[in-house]
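Undergrad: One structure, as structure tokens, below. Some questions next.
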Amino acid sequence: MKEEKKNVKNSGSDSFLFSIFQRLIRPRDTGQAETPETVLDIKGKAGVSEGGQMPNSAAAYDTQNILDTPADNSLLSYRMKWKGSGHADEDASMRSFIYDDQDISQEDAEKWMKKASDLVANILEQRLKRLDIDPEDDSVDAEMLITTTQDEISAWCFVFPALNGGQHISGEHIRAEMAKKGIISGIQDDRIEMASNDEFGMKWIKVAEGIPPKHGTDGTLTENYPHTVGIPQLIADEKGNVDFHELNWLIKIHKGDEICRFTHATKGENGKNVFGKEVKARNGREVNLPAGRNTEVDEENCRVISAEDGQLSYRNGKFNVSDLLEIRGDVATATGNINAQCDVLIHGNIRGGYTVRSLGSIIVKGTVERSTVIAGKDVYIAYGMAGGGSGTLDAGGTVRCKYLENVSVRVTGDVITESIVNSQVSCDGSIFVNTGRGAVVGGRLLAMNRIEAKIIGNKVHGNTVLLIEPSPHFQEIKMQLGIEYANASSSADEQQDEKKKNRLERLKRMIEELEEQENLTKNGQIIADIIYPVTEVSFQELSRTIETEESSVRLFRDSEGIKTGMK
């Protein structure tokens, strides 16, 4: 044992306390040799381990489950001395010091075990001071700790049993201490008696439990349709080809059909903590119902249902039901021109010379010949459009089709196709020609964001012109909004009504959004696997002619002009 003592840090108060503990655990007239495992460390850091070293146990508190980490050595040593010097603890974890470990959080467990370690250090230190005065007085009176969980819903007691004839703690002592702390609600007398019984010493025991608050549950929503309903899902195969025949986006729905089912939120029930104070419960939050146009909320059966027959779509966080005009055959002599307020589905073709106009989307399962197609939203053409030099296509959303040939196109959104030949295309978004053949040959393409294609131009064809700049349509809208805003501002006065103020604010926001969109044009790009000469490219005021074939190319602008980079 002397050799082991040399390995222990022996300076200041640590050496003094260590010498006291050596006296505390020294066997009394038993002839039993001292062992490193019986050393107590009142600071709760470590005892002497094998080899006489002072191991650092702080790392144990960093494990995932604090209850499964080793308890402080001072607690283990006190328990060993209480049970008998010859007793070896089978479980040295913190969990072994807690009677109802499943009811304690990690944070509470760590905090409480620290309190217990500090208390045992104080108990033993005071005892050793008494031993210096009276070597025969080696008794230790029982001590207790009473604390509450963080939410104050339960109170717990930890008793250090008396040693060597010290005074015991009774149930009345525990009750008095609880009353002193203000613990008055949910007192559990049977648990108090258990805590005062030496058989259950050295364990945290729940001695009072209040009424936990019952928090309300949030409302729930079960939707019968995905949010992609009403949006074509174009999937390219391993070769990059897209089947424009299978759009699978039109969902017909009938009046009274269930769109989604919901449950209402519930209110919470307040609880009471061990101090007798009310604990507020949280009410559940109601779910936002996605009930849009032509839908109804059936409160009695907790459903959102369709209010009429039509086409289901999901836009801006709401399910909507739209009327749908279906043309079973071609748009031709039997139908005349089409002018609809709703979406239009054409199962055949649009023959040359006819006009199809819709405030919604237009879907054509066949081809479009030399015709005029005008949609307030999207246009989907399963095969393509051959305009014959006079066909026009105008869409307020996105255009998707197999090909565009000799067509004049104006699009507010994007253009997605497999081929563009000799066409005049202007869009406020991007032009993507990177599936299937992916070729752009001849014509003039203008986009505000980017132009992507596999092949641009060809070896024998004439010029192909590509521009990244604000479209004429975009500039016209911006100018009109500017005029409207100027006129509204000039007529505004302090007495103007709320409606006029809101209109002025709305116009201002719209102009700001257009300016942000226009600024993005500065970051526009042209990307292609191959660009053939002669192709003219322009980024607003900057222009350049591609005179040699270039592969895997990316064209963009910076402060020095039009630059070429790798795709």
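With our numbering applied, the sequence shown closes on residue 1118, and no number is skipped along the way.
Cβ atoms here follow ideal geometry from the backbone N, Cα and C, with glycine treated the same way.
Since the model is a prediction, treat every value here as computed from it, not as a measurement.
What does a CB cutoff of less than 7 angstroms around residue 989 pick up in its chain, not counting 5 residues either side in sequence?
TA: On the sequence shown, residue 989 is found 438 positions in, with the first residue counted as 1. Only 969, 1004, 1005, 1006 meet the Cβ criterion.
Undergrad: Out of curiosity, what's the CA-to-CA distance linking residue 1101 and residue 924?
TA: Walking along the sequence shown from the start, residue 1101 turns up at place 550. Walking along the sequence shown from the start, residue 924 turns up at place 373. Spanning the two alpha carbons is a distance of roughly 36 angstroms.
Undergrad: Would you mind giving the Cβ-Cβ distance between residue 767 and residue 807, rounded to the nearest angstrom? I have them listed as a contact below 8 angstroms.
TA: Residue numbering aside, residue 767 sits at position 216 when the sequence shown is read from its first letter. Residue numbering aside, residue 807 sits at position 256 when the sequence shown is read from its first letter. Not confirmed; about 31 angstroms, so no contact.
Undergrad: Using 8 angstroms as the cut-off, can you tell me whether the region 728 to 746 makes contact with the region 691 to 702, which would need three or more C-beta pairs spanning the two stretches below that distance?
TA: The region 728 to 746 is in contact with the region 691 to 702.
Undergrad: Does the distance from the CB of residue 914 to the CB of residue 907 come in under 7 angstroms?
TA: Here the question's residue 914 lines up with position 363 in the sequence shown. Here the question's residue 907 lines up with position 356 in the sequence shown. No. Outside cutoff.
Undergrad: Give the straight-line distance between the Cα atoms of residue 961 and residue 883, rounded to the nearest whole angstrom.
TA: Position 410 of the sequence shown, counted from the start, is the residue given in the question as residue 961. Position 332 of the sequence shown, counted from the start, is the residue given in the question as residue 883. If you take the alpha carbons of residue 961 and residue 883, they lie about 24 angstroms apart.
Undergrad: Please state the DSSP three-state secondary structure of residue 671.
TA: Along the sequence shown, one-based indexing puts residue 671 at 120. Reduced to three states, the DSSP call for residue 671 is helix.
Undergrad: Does DSSP classify residue 1004 as helix, strand or coil?
TA: Here residue 1004 refers to the residue found at position 453 of the sequence shown. Of the three classes helix, strand and coil, the one that applies to residue 1004 here is strand, per DSSP.
Undergrad: Where does residue 1102 sit, in a helix, a strand or coil, going by DSSP?
TA: Walking along the sequence shown from the start, residue 1102 turns up at place 551. It is a strand residue.
Undergrad: According to DSSP, is residue 1041 helix, strand or coil?
TA: In the sequence shown, the residue the question calls residue 1041 occupies position 490. Helix.
Undergrad: Of the choices 1024, 690, 1063, 973, whose alpha-carbon is the least far from that of residue 998?
TA: Numbered from its first residue, the sequence shown carries residue 998 at position 447. Among 1024, 690, 1063, 973, the Cα nearest to that of residue 998 belongs to 1024.
Undergrad: Quick one: grab the DSSP three-state call for residue 1090.
TA: Residue numbering aside, residue 1090 sits at position 539 when the sequence shown is read from its first letter. It is a strand residue.
Undergrad: Checking 7 angstroms against the spacing of the C-beta atoms, do residue 760 and residue 705 come in under that value?
TA: The residue you call residue 760 lines up with position 209 of the sequence shown. The residue you call residue 705 lines up with position 154 of the sequence shown. It is a contact, given that the beta carbons lie within the stated cut-off.
Undergrad: How is the beta strand (DSSP E) around residue 762 delimited, first residue to last?
TA: Here residue 762 corresponds to residue number 211 of the sequence shown, with the count starting at 1. Element bounds for residue 762: n/a, residue is neither H nor E.
Undergrad: Check whether the Cβ atoms of residue 897 and residue 1002 sit closer than 7 angstroms, and answer yes or no.
TA: What you label residue 897 is simply residue 346 of the sequence shown in a count that begins at 1. What you label residue 1002 is simply residue 451 of the sequence shown in a count that begins at 1. Their beta carbons are not under 7 angstroms apart, which means residue 897 does not touch residue 1002 by this criterion.
Undergrad: Find the nearest neighbour of residue 993 within the set 911, 817, 702, 1084, judged by alpha-carbon distance.
TA: Residue 993 sits at position 442 when you count from the first residue of the sequence shown. Nearest option by C-alpha distance: 1084.
Undergrad: Please state whether DSSP places residue 1025 in a helix, a strand or coil.
TA: As a first step, residue 1025 is located in the sequence shown; it is residue number 474 there, counting from the start. Note: residue 1025 maps to helix in three-state DSSP.
Undergrad: Which residues mark the beginning and the end of the alpha helix (DSSP H) in which residue 714 is found?
TA: As a working note, residue 714 is residue 163 in the sequence shown. Note, residue 714: premise wrong, no alpha helix (DSSP H); not H, not E.
Undergrad: State buried or exposed for residue 1030, treating a residue as buried only when at least 16 other CB atoms are found within 10 Å of its CB.
TA: Along the sequence shown, one-based indexing puts residue 1030 at 479. Exposed is the call here.
Undergrad: With a Cβ-Cβ cutoff of 7 angstroms, do residue 935 and residue 952 count as a contact?
TA: By one-based count along the sequence shown, residue 935 stands at place 384. By one-based count along the sequence shown, residue 952 stands at place 401. Yes, Cβ-Cβ distance for residue 935 and residue 952 is below 7 angstroms.
Undergrad: How about residue 848 and residue 810: do their beta carbons lie closer than 7 angstroms?
TA: Working through the sequence shown from its first residue, we reach residue 848 at position 297. Working through the sequence shown from its first residue, we reach residue 810 at position 259. No, these two residues do not count as a Cβ contact at 7 angstroms.
Undergrad: Hey, could you find the ends of the alpha helix (DSSP H) residue 745 is sitting in?
TA: Start at 1 with the first residue of the sequence shown, and residue 745 comes out as number 194. Note, residue 745: alpha helix (DSSP H), 740 to 747.
Undergrad: Restricting to Cα atoms, I'd like to know which of 741, 929, 893 is closest to residue 726.
TA: If you number the sequence shown from 1, residue 726 lands on position 175. Checking every option, the nearest Cα to that of residue 726 belongs to 741.
Undergrad: So, under 8 angstroms CB-CB, residue 832 and residue 821 are touching, yes? Tell me the CB distance rounded to an integer number of Å.
TA: The sequence position of residue 832 within the sequence shown is 281, counting from 1. The sequence position of residue 821 within the sequence shown is 270, counting from 1. Confirmed, Cβ separation roughly 5 angstroms.
Undergrad: Under a Cβ-count criterion, where at least 16 other Cβ atoms within 10 Å of its own Cβ denotes burial, should residue 1103 be classed as buried or exposed?
TA: Residue 1103 sits at position 552 when you count from the first residue of the sequence shown. With fewer than 16 other Cβ atoms within 10 Å, it is exposed.
Undergrad: Buried or exposed for residue 604, going by 16 or more other Cβ atoms inside 10 Å?
TA: In the sequence shown, the residue the question calls residue 604 occupies position 53. A caution first: residue 604 carries a pLDDT of 34, below 50, which makes its placement in the model unreliable, though a value can still be read off. Classification of residue 604: exposed, given that the 10 Å Cβ count is below 16.
Undergrad: Confirm, please, whether the CB-CB distance from residue 681 to residue 688 is below 7 angstroms.
TA: For the purposes of this step, residue 688 is taken as residue 137 along the sequence shown, with counting starting at 1. For the purposes of this step, residue 681 is taken as residue 130 along the sequence shown, with counting starting at 1. Cβ distance < 7 angstroms, so residue 688 and residue 681 count as in contact.
Undergrad: Residue 576 by DSSP, collapsed to three states: which one?
TA: Here residue 576 refers to the residue found at position 25 of the sequence shown. Because the pLDDT at residue 576 is just 39, under 50, the model does not fix this residue reliably, and the point stays unresolved.
Undergrad: Under the assumption that residue 626 contacts residue 668 (Cβ atoms under 8 angstroms), give the Cβ distance between them as a whole number of angstroms.
TA: For this step, residue 626 is matched to residue 75 along the sequence shown. For this step, residue 668 is matched to residue 117 along the sequence shown. Indeed, because the Cβ distance is near 6 angstroms, the residues count as touching under 8 angstroms.
Undergrad: Taking all protein chains shown into account, do 16 or more other C-beta atoms lie within 10 angstroms of the C-beta of residue 941, making it buried, or fewer, making it exposed?
TA: Numbered from 1 along the sequence shown, position 390 holds the residue referred to as residue 941. Answer is exposed; the Cβ neighbour count stays below 16.
Undergrad: Enumerate in chain order the residues of its own chain whose CB-to-CB distance from residue 909 is below 6 angstroms, with the five nearest sequence positions on each side excluded.
TA: To locate residue 909, count along the sequence shown from 1; it is residue 358. Contacts found: 891, 895, 926.
Undergrad: CB residue 1037 to CB residue 1055, shorter than 7 angstroms?
TA: In the sequence shown, counting from the first residue as 1, residue 1037 sits at position 486. In the sequence shown, counting from the first residue as 1, residue 1055 sits at position 504. No. Outside cutoff.
Undergrad: For residue 674 and residue 654, I'd like the C-alpha separation in whole angstroms.
TA: Numbered from 1 along the sequence shown, position 123 holds the residue referred to as residue 674. Numbered from 1 along the sequence shown, position 103 holds the residue referred to as residue 654. C-alpha separation (whole angstroms): 28 angstroms.
Undergrad: Looking at chain C, is there any beta carbon in it that lies within less than 7 angstroms of the beta carbon of residue 1110?
TA: The question asks about chain C, but that chain is absent: this structure has only one protein chain.
Undergrad: Report back the beta-carbon spacing between residue 658 and residue 701 to the nearest angstrom; my notes put them in contact at under 8 angstroms.
TA: What you label residue 658 is simply residue 107 of the sequence shown in a count that begins at 1. What you label residue 701 is simply residue 150 of the sequence shown in a count that begins at 1. The Cβ separation is near 6 angstroms, so the contact holds.
Undergrad: Once you ignore the five residues that flank residue 529 on each side, which residues in its own chain have a CB closer than 7 angstroms to its CB?
TA: Not covered by the structure: residue 529. The range shown for the chain is 552 to 1118.
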